[in-house]
Amino acid sequence: MREVIIIGSGPAGFTAAIYAARAGLSPLVIASSVEAGGELMKTTDVENFPGFPEGIQGPDLMMKLQEQAEKFGAEVMLDDVVSVDLTGDVKKVSTGYSGDQEAHTVIFATGSAYRKLGLDDEERLSGRGVSWCATCDGFFFKTKTIAVVGGGDSAMEEATFLTRFADKVYVIHRKDSLRASKIMQERAFANEKIEFIFNSAVEAITGENAVEGLTLRDTVTGAVSELPVQGLFIAIGNDPRTHLIHGQVDLTSAGTIAVDGRSSRTNLAGVFAAGDVLDDTYRQAVTAAASGTVAALDAEHYLAGLEQAAAALAAS
Ligand code: NDP
Numbered sequence: 009m010r011e012v013i014i015i016g017s018g019p020a021g022f023t024a025a026i027y028a029a030r031a032g033l034s035p036l037v038i039a040s041s042v043e044a045g046g047e048l049m050k051t052t053d054v055e056n057f058p059g060f061p062e063g064i065q066g067p068d069l070m071m072k073l074q075e076q077a078e079k080f081g082a083e084v085m086l087d088d089v090v091s092v093d094l095t096g097d098v099k100k101v102s103t104g105y106s107g108d109q110e111a112h113t114v115i116f117a118t119g120s121a122y123r124k125l126g127l128d129d130e131e132r133l134s135g136r137g138v139s140w141c142a143t144c145d146g147f148f149f150k151t152k153t154i155a156v157v158g159g160g161d162s163a164m165e166e167a168t169f170l171t172r173f174a175d176k177v178y179v180i181h182r183k184d185s186l187r188a189s190k191i192m193q194e195r196a197f198a199n200e201k202i203e204f205i206f207n208s209a210v211e212a213i214t215g216e217n218a219v220e221g222l223t224l225r226d227t228v229t230g231a232v233s234e235l236p237v238q239g240l241f242i243a244i245g246n247d248p249r250t251h252l253i254h255g256q257v258d259l260t261s262a263g264t265i266a267v268d269g270r271s272s273r274t275n276l277a278g279v280f281a282a283g284d285v286l287d288d289t290y291r292q293a294v295t296a297a298a299s300g301t302v303a304a305l306d307a308e309h310y311l312a313g314l315e316q317a318a319a320a321l322a323a324s
């Protein structure tokens, strides 16, 4: 049986792995078969991770974190966790291909998943003009007219990036002011290819085999209009990925994993959380990494406590 299993391979998961490995706990990182590396694998320039004054590409940063974790003895498994049983002293983690894994502790660093608009045609036209990832799909929209929905940093980042390819990028936001940070807003406002449509919600996506347009509703007047576009990028935030632990681990009203104060301790002994799965406020690569550190240290203390209890029992 292992000491630590870390589920998730973003900055939180790999930083937890670096600390746990350096503590001699030989952690197993279950990194997902298709989404290993997490959100940063879909990002281009990361300009705000300390230590990289010139910036670093998201995938390069994740490769370095993985390399650092492996250097100290972490094992990385490219597999998907399908279910967990965390209630007992021995934690069971079942994977799609590699069978069941067992450990004394589990660190949940599963991050978050793209939020969807919930429209009928969103899934149908996914990959046919509807996308959640500008860095993955932007190239397909050379000289096209497209739209980005959302008013946060992600929407600004996606819209700005997409102007490398598209002739015109509309940013559609349901309010009259943006949530994005000032620097990201200013960058988008200064870009001549970007036009903002405020107070508007996307009501429908039209097109038979590919996106041809959007039906917009004015959120103030209720007026409905059509906007011809060939692509729609959805950047309206993320939801914590907690489906594996529903019914076992307590969640907050925001849907993140509930932890004890500033620690990573969940309601279950030996189960810890790190990164975006417990944070709906800061959600930065560097805060996720710091949170991974906290989880690894908490797991280490918990394991030391188990060892002491076992030694005391043996001596009595
Ligand atoms: P946010 O939650 O910050 O913003 C989501 C945006 O989408 C809001 O404007 C919100 O509207 C809108 N929205 C949410 N649900 C819907 C819906 N159903 N229909 C229409 N609009 C909707 O998410 P982000 O992904 O933008 O950012 C998440 C975190 O990541 C933030 O902390 C951000 O700072 C960080 N980030 C940092 C970057 C950087 O520094 N380079 C880049 C990208 C993200 P409303 O405002 O009305 O609530």
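Using my numbering, you'd call the opening residue of the sequence shown number 9 and step up by one each time.
Glycine included, C-beta positions come from ideal geometry on N, C-alpha and C.
Keep in mind it's a predicted model, so treat the numbers as computed, not measured.
Determine the direct distance from the alpha carbon of residue j to that of residue i, and round the result to whole angstroms.
i: N296; j: A281; result: Note on identity: in this sequence residue 296 is Ala, with Asn being the wrong assignment. Taking the straight line from one Cα to the other gives about 10 Å.
i: S189; j: T52; result: 18 Å
i: I38; j: V232; result: 47 Å
i: D88; j: G21; result: 14 Å
i: A28; j: F169; result: 36 Å
i: L33; j: L125; result: 42 Å
i: L133; j: E220; result: 10 Å
i: V179; j: E203; result: 6 Å
i: F57; j: S208; result: 34 Å
i: A304; j: E165; result: 32 Å
i: L36; j: G16; result: 10 Å
i: G230; j: I154; result: 23 Å
i: R187; j: K201; result: 20 Å
i: S106; j: A298; result: 29 Å
Grouping DSSP H, G and I as helix and E and B as strand, with all else coil, what is residue i?
i: A209; result: strand
i: V257; result: coil
i: M9; result: coil
i: I244; result: coil
i: K201; result: coil
i: A111; result: strand
i: F280; result: strand
i: V89; result: strand
i: E47; result: helix
i: F149; result: helix
i: E315; result: helix
i: V54; result: strand
i: E194; result: helix
i: V302; result: helix
i: E308; result: helix
Which residue comes first and which comes last in the beta strand (DSSP E) that contains residue i?
i: I154; result: T153 to V157
i: K176; result: K176 to I180
i: I26; result: Premise fails: I26 lies in the alpha helix (DSSP H), P19 to R30, not in any beta strand (DSSP E).
i: A121; result: S120 to Y122
i: V37; result: L36 to I38
i: L235; result: V232 to P236
i: K100; result: K99 to T103
At which residues does the alpha helix (DSSP H) containing residue i begin and terminate?
i: L222; result: Taken as a continuous stretch (DSSP letters only), L222 belongs to no alpha helix (DSSP H), being part of the beta strand (DSSP E) at G221 to D226.
i: S68; result: According to the sequence shown, residue 68 is Asp rather than Ser. Element bounds for D68: G66 to K79.
i: Y290; result: It is not in any alpha helix (DSSP H) - Y290 carries neither H nor E in the DSSP assignment.
i: E131; result: D128 to R132
i: T143; result: A142 to D145
i: T168; result: D161 to L170
Exercise. Is the stretch 189-201 touching the stretch 244-264 in the sense that three or more CB pairs, one from each, lie closer than 8 Å?
Worked result: No contact exists between the stretch 244-264 and the stretch 189-201.
Exercise. Is the stretch 42-61 in contact with the stretch 92-104, if contact means three or more CB pairs nearer than 8 Å?
Worked result: No, the stretch 42-61 does not touch the stretch 92-104.
Exercise. Can you find at least 3 beta carbon pairs, one from the stretch 139-148 and one from the stretch 170-180, that sit closer than 8 Å?
Worked result: Taking one beta carbon from each stretch, the stretch 139-148 and the stretch 170-180 have 3 or more pairs nearer than 8 Å; the two touch.
Problem set entry | Inter-stretch contact (C-beta, 8 Å, three-pair minimum) for the stretch 231-245 and the stretch 147-165 | At 8 Å Cβ cutoff, the stretches touch.
For this session: Determine contact between the stretch 266-281 and the stretch 75-86, defined as no fewer than three beta-carbon pairs at a distance below 8 Å.
Result: Because the criterion of three Cβ pairs below 8 Å is not met, the stretch 266-281 and the stretch 75-86 do not touch.
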